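Numbering (our numbering), first residue to last: 44 to 298.
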């Protein structure tokens with residue numbers, strides 16, 4: 044007779060070992076919920092709480108996001124020098140501060156400032172989240188951790204958006220301000236969870252390893268990797284494409 048060894052449920056679901064990492068998972072969930080809460084309501088918030096025309100608000104938000112584009116490039120060296128956890132804690136704290144600033148914003152330049160800080164915090168955190176996966180993953184489970192983090196992010200943003208819509212349905216500026224307060228509180232909570240999380244040591248990641256890595260790594264090494272640059276170029280083309288013909292409701296193959 045042959046016996047079939049049943050895999051643990053965690054392995055069958057493709058989940059990583061999460062023991063001792065509850066605060067990291069909680070931080071990802073809370074951060075994603077906070078992002079979903081306010082992401083779709085930024086323009087609505089400023090249109091309701093300021094006297095500025097919608098075109099001015101849209102231009103200010105767009106300018107802030109354009110100014111924040113180099114954030115990921117600047118975050119990389121910070122992670123190498125200070126570690127992913129420290130950067131993630133600071134990024135979430137910056138987001139909390141930025142959304143508190145939403146409550147005091149009345150002019151276009153203020154919208155640019157608070158949205159810029161919020162975007163820097165958001166990009167900084169999710170750039171550092173890759174390093175958090177390295178700190179959390181043991182025993183070759185890195186791919187499982189990446190999958191889990193992405194799942195938590197998508198789920199949290201979806202639930203946050205639904206909760207935000209529920210809170211603002213039929214409400215006035217008071218509901219929108221409550222949304223901003225909840226969002227700021229969520230980022231502060233995520234920052235605290237990460238600050239109090241102590242990852243266990245991973246073999247090969249002894250203290251000072253990141254500092255030594257900066258001497259041999261850096262963007263010069265990245266720019267020499269032609270296959271990686273090709274991958275980046277291909278991915279960069281995706282948001283530049285318009286909707287395909289099959290996504291257009293008026294498309295007809297006879298045209």
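Don't be surprised by glycine CBs; every beta carbon is placed ideally from N, CA and C.
Note that this is a predicted model, so its numbers are computed, not measured.
May I have the straight-line CA-CA distance separating residue i from residue j, to the nearest angstrom?
| i | j | result |
| --- | --- | --- |
| residue 228 | residue 128 | 19 Å |
| residue 116 | residue 125 | 15 Å |
| residue 198 | residue 271 | 29 Å |
| residue 91 | residue 109 | 24 Å |
| residue 273 | residue 261 | 18 Å |
| residue 194 | residue 181 | 19 Å |
| residue 59 | residue 93 | 46 Å |
| residue 269 | residue 263 | 12 Å |
| residue 118 | residue 265 | 15 Å |
| residue 65 | residue 276 | 36 Å |
| residue 302 | residue 217 | Lying before the first or after the last residue shown, residue 302 is absent from the chain, which here runs from 44 to 298. |
| residue 156 | residue 105 | 12 Å |
| residue 215 | residue 221 | 10 Å |
| residue 63 | residue 225 | 27 Å |
| residue 61 | residue 278 | 31 Å |
| residue 206 | residue 183 | 36 Å |
| residue 208 | residue 267 | 46 Å |
| residue 212 | residue 200 | 18 Å |
| residue 281 | residue 71 | 26 Å |
| residue 149 | residue 219 | 15 Å |
| residue 120 | residue 173 | 14 Å |
Cβ of residue i within 7 Å of Cβ of residue j?
| i | j | result |
| --- | --- | --- |
| residue 154 | residue 114 | no |
| residue 171 | residue 235 | no |
| residue 237 | residue 132 | yes |
| residue 240 | residue 67 | yes |
| residue 204 | residue 69 | no |
| residue 85 | residue 233 | no |
| residue 139 | residue 231 | yes |
| residue 143 | residue 107 | no |
| residue 111 | residue 141 | no |
| residue 168 | residue 136 | no |
Pull up the CB-CB distance for residue i and residue j, whole angstroms please, since I reckon it's below 8 Å.
| i | j | result |
| --- | --- | --- |
| residue 176 | residue 192 | 6 Å |
| residue 146 | residue 87 | About 15 Å separates the two Cβ atoms, so there is no contact after all. |
| residue 242 | residue 151 | That pair is no contact at about 42 Å. |
| residue 95 | residue 89 | 7 Å |
Using a Cβ-Cβ distance under 7 Å, would residue i count as near chain E?
| i | result |
| --- | --- |
| residue 99 | In the displayed structure, chain E is absent; only one protein chain is listed. |
Note to self: For the pair the stretch 188-204 and the stretch 100-108, tell me if three or more CB-CB distances fall below 8 Å.
What the structure shows: no
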